[in-house]
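Protein chains in written order, with our numbering: chain A, 18 to 213; chain B, 18 to 213; chain C, 18 to 213; chain D, 18 to 213.
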DNA sequence: AATGAATGAGGGTTCATTCAT
DNA sequence: TATGAATGAACCCTCATTCAT
């Protein structure tokens with residue numbers, strides 16, 4: 018019993034986050050055990066509990082971390098004073114680029130909402146809605162200015178986000194297309210989908 | 018001790034499929050136990066094994082059933098001789114309508130691919146690709162005829178399907194919008210997204 | 018996976034109760050594992066959960082079972098119309114005899130109150146108080162009739178019960194003294210302790 | 018990283034003893050973790066091992082400490098030359114008073130005998146028997162002198178000690194009765210229980 | 001003398017699955 | 001075809017204990 022040897026390991030917590038992210042994305046939260054995560058990190062399962070109170074907490078950390086990074090990155094990127102068309106292009110590019118680099122985070126953040134217990138679900142869901150609202154605002158502004166013709170801003174926002182997020186299901190770095198190329202294709206499709 | 022008098026109407030197998038579908042959609046395959054499914058049906062867990070060899074088989078039945086129904090319904094609906102624009106509209110309407118009625122099936126079919134063990138995964142994945150190919154063909158045809166301007170038919174097909182399938186994440190029967198209304202909005206957006 | 022062979026086992030539940038009783042008495046509820054109990058019964062630990070929802074439930078069953086048996090046995094034994102002296106003798110004899118045969122139940126019932134979670138604790142504690150009240154009533158009646166001289170009926174009741182119950186800590190069947198002999202000794206001591 | 022400034026007054030070891038005593042009394046040795054004890058002291062669990070080699074040692078220290086104090090206090094109190102009646106009164110008063118102030122110690126010392134591993138168990142058990150022998154001697158002397166009428170000195174001793182020790186299960190400082198009052202009641206009952 | 005992270009065992013409980021009835 | 005009890009593996013989590021710092 019007890020710890021025997023060197024095995025210092027400092028960044029166990031962050032390596033566990035990484036491992037969990039990959040495993041959750043590949044197999045789903047419910048299908049991944051703490052032992053598997055610990056195994057990838059190279060520690061015993063119990064050691065994870067020095068860093069995360071529960072498996073659920075580990076998931077929550079991953080999801081809040083991702084959503085916060087998303088919201089902050091967009092806040093830093095976006096210029097609310099430019100024209101709606103410009104802002105829509107910017108949003109499209111931002112979304113694709115941000116998500117292309119983070120296929121696992123995105124997948125987990127969108128797919129494991131159902132694995133969140135109640136207080137956690139609400140917190141994350143609010144962040145998600147706040148991101149969707151950013152696009153909705155762009156669309157509403159553009160409709161008002163006459164730059165876009167839109168039947169229903171909420172529906173259009175959901176449609177566009179679904180389209181963009183879908184990229185993560187098939188895009189692979191080093192595949193047939195570069196991120197820039199994908200970006201161009203989507204910017205074009207999105208722009209046309211709301212053009213008057 | 019055999020069957021209890023109360024087991025009226027539907028047979029156990031089909032009620033189990035229904036129960037499993039709802040539970041898988043809500044909580045995910047891995048998070049649902051055979052006991053829970055059996056509980057919704059009103060039988061003991063062991064009884065399910067008279068109808069499905071394994072839990073995995075139950076999932077496979079649900080997914081192949083759904084994909085088969087989808088492919089057959091589209092085959093029945095679609096007129097390969099009409100103009101690409103007409104066919105794209107038809108595809109959009111078909112997809113939305115078919116999926117709006119089957120939120121659970123769709124969710125499971127797209128989300129639980131990762132829960133399939135190997136031989137099963139390939140079979141389902143092939144059906145899925147074959148459905149995507151239908152749209153890709155329409156887009157290719159339209160691009161050839163000059164009806165559409167498309168940068169990359171595969172990417173456009175994935176983008177459109179993602180956009181359309183996203184409907185199931187927010188559409189609720191009896192909500193703010195009717196299926197017909199949603200259909201119109203999407204037909205319009207999709208058409209514009211590929212219009213020259 | 019799954020059950021392999023004969024291993025019918027009918028009275029698993031009652032054998033588990035027996036095993037648990039002995040183990041809880043010897044080592045304490047917290048120090049006994051479901052695996053140990055199952056081991057004594059000759060089944061796997063999981064099998065116990067076909068009979069008891071939780072380990073706590075198993076304890077509760079043992080304790081309520083014992084308290085109910087105690088109250089019922091006393092109700093059947095005792096004659097509320099006889100003289101207080103007679104009733105006190107009867108109570109003493111009853112308590113010693115009932116407890117001498119059930120050293121484990123008694124030990125568990127008195128010692129594991131602290132292991133009960135709240136709703137359970139209250140139910141058991143009420144039964145216990147109701148038993149103590151039986152003795153208190155006898156003492157009060159005897160004090161009223163002049164048969165006893167008692168300073169404080171509640172304290173006297175607690176004192177006598179503690180004295181009697183203590184028997185289980187040292188009495189062993191087949192030891193130096195027979196139950197009858199022990200009974201006589203205590204009847205005498207108890208009677209004298211309240212005699213005017 | 019060493020000791021934090023706040024750790025005023027009491028040293029860790031004695032605060033750990035206090036904390037352990039309270040927790041063992043309330044929840045039982047097996048149900049209390051080193052982490053809980055450390056938590057009450059305000060240190061990490063590992064720190065306890067600078068003061069106690071094992072959890073078992075902590076228990077042993079508490080129990081030997083209590084038994085030693087008990088034996089020494091009685092040795093100081095009692096006058097072996099006085100009459101048996103006087104000595105019985107003195108014993109009763111001493112026991113009640115000593116125990117009333119130390120409900121937790123008593124509870125642990127009597128209840129956790131079963132948690133002691135073998136060499137420890139014997140040492141403590143011997144001390145306990147030696148205390149019981151004190152009372153037995155008084156009773157034997159009184160029986161010899163004709164001051165008491167006793168059927169079996171060992172049984173009587175056990176009965177009286179059980180009765181007296183039972184006080185700790187219900188007596189609360191600041192409750193309905195003062196210690197002195199309880200003392201009087203018991204002195205009276207005990208005396209009468211052996212009076213010829 | 002304390003921290004904080006680790007070990008390895010084990011705890012209660014659940015699970016897919018099996019099988020006698 | 002259903003039940004109910006069983007298996008054996010796994011799961012999340014906790015524990016006593018150790019040790020580098």
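Ideal Cβ positions, reconstructed from N, Cα and C, are used throughout, including at glycine.
Annotation: the stretch 78-113 of chain B contains no complete segment of the beta strand (DSSP E) (minimum length 3 residues).
Your pair residue 55 (chain B) and residue 47 (chain B) does not check out as a contact, with CB atoms roughly 17 Å apart and the cut at 8 Å.
Residue 178 (chain B) and residue 37 (chain A) have their alpha carbons spaced roughly 29 Å apart. Assignment of residue 169 (chain C) by DSSP, reduced to helix, strand and coil, places it in the coil class. In this structure residue 71 (chain D) is exposed. Its beta-carbon is surrounded by fewer than 16 other beta-carbon atoms within 10 angstroms. Between the stretch 153-163 of chain A and the stretch 85-102 of chain A there are three or more C-beta pairs closer than 8 Å, enough to call the two in contact. Residues of chain C with a Cβ closer than 8 Å to the Cβ of residue 91 (chain D) do not exist; the shortest Cβ-Cβ separation is about 20 Å. Residue 40 (chain C) is positioned such that its CB atom lies no closer than 9 Å to that of residue 28 (chain C). For residue 60 (chain B), there are no C-beta contacts with chain A under 8 Å, since the nearest C-beta of that chain is about 24 Å from it. Distance from residue 200 (chain B) to residue 141 (chain B) at the Cβ level is roughly 27 Å; contact not present, criterion being Cβ atoms closer than 8 Å.
If you check the CB distance, residue 126 (chain B) and residue 175 (chain B) do not come in under 9 Å. Interface annotation for the stretch 26-51 of chain C against chain D: 43, 44, 45, 47, 48, criterion Cβ-Cβ distance under 7 Å. Following the DSSP letters along the chain, one finds residue 124 (chain B) inside the alpha helix (DSSP H) bounded by residues 120-128. Here residue 206 (chain C) really is in contact with residue 210 (chain D); their C-beta atoms are around 5 Å apart, less than 8 Å. Counting the other CB atoms within 10 Å of its CB gives residue 33 (chain C) a total of 16 or more, which places it among the buried residues. In this structure, residue 164 (chain C) sits near residue 102 (chain C), with a CB-CB distance shorter than 9 Å.
Counting C-beta atoms within 10 angstroms of its own C-beta, residue 203 (chain B) has 16 or more neighbours from the protein chains shown and is therefore classed as buried. Apart from sequence neighbours up to five positions away, the residues of its chain that approach residue 121 (chain A) with a beta-carbon distance below 7 Å are 38, 39, 42, ordered along the chain.
Interface annotation, residue 203 (chain D): in contact with chain C, CB-CB separation under 9 Å. At a cut-off of 9 Å, the C-beta of residue 120 (chain C) has no neighbouring C-beta in chain D. Judged by beta-carbon spacing, residue 111 (chain D) lies beyond the 9 Å limit of residue 185 (chain D), meaning their Cβ atoms are not closer than that value.
With respect to the 9 Å criterion, residue 119 (chain C) and residue 130 (chain C) are not classified as neighbours on the basis of their beta carbons. Here DSSP, grouped into helix, strand and coil, assigns residue 69 (chain D) to coil. Residue 92 (chain C) and residue 160 (chain C) have their C-alpha atoms some 22 Å from each other. In the DSSP assignment, residue 203 (chain A) falls within the alpha helix (DSSP H) that extends over 196-211. Annotated as distal: residue 190 (chain C) and residue 86 (chain C), with beta-carbon spacing of 9 Å or more. Along the stretch 126-138 of chain D, going in chain order, the ones with a CB nearer than 8 Å to a CB of chain C are 128, 131, 132. Below the 7 Å Cβ cutoff, chain A contributes 173, 176, 210 as neighbours of residue 206 (chain B), in chain order. Rounded to the nearest whole angstrom, the CA to CA distance from residue 147 (chain D) to residue 212 (chain D) is 24 Å. Look at residue 180 (chain D): its C-beta is under 9 Å from a C-beta on chain C.
For residue 159 (chain B), the secondary structure class from DSSP, reduced to helix, strand or coil, is helix. Annotation for residue 38 (chain D): the continuous alpha helix (DSSP H) segment containing it runs 29-44. Pairing residue 136 (chain C) with residue 181 (chain A), the inter-Cα distance amounts to about 53 Å. Residue 194 (chain B) has a beta carbon lying within less than 9 Å of a beta carbon in chain A.
Residue environment analysis places residue 132 (chain A) among the buried positions, since at least 16 neighbouring C-beta atoms fall within 10 angstroms of its C-beta.
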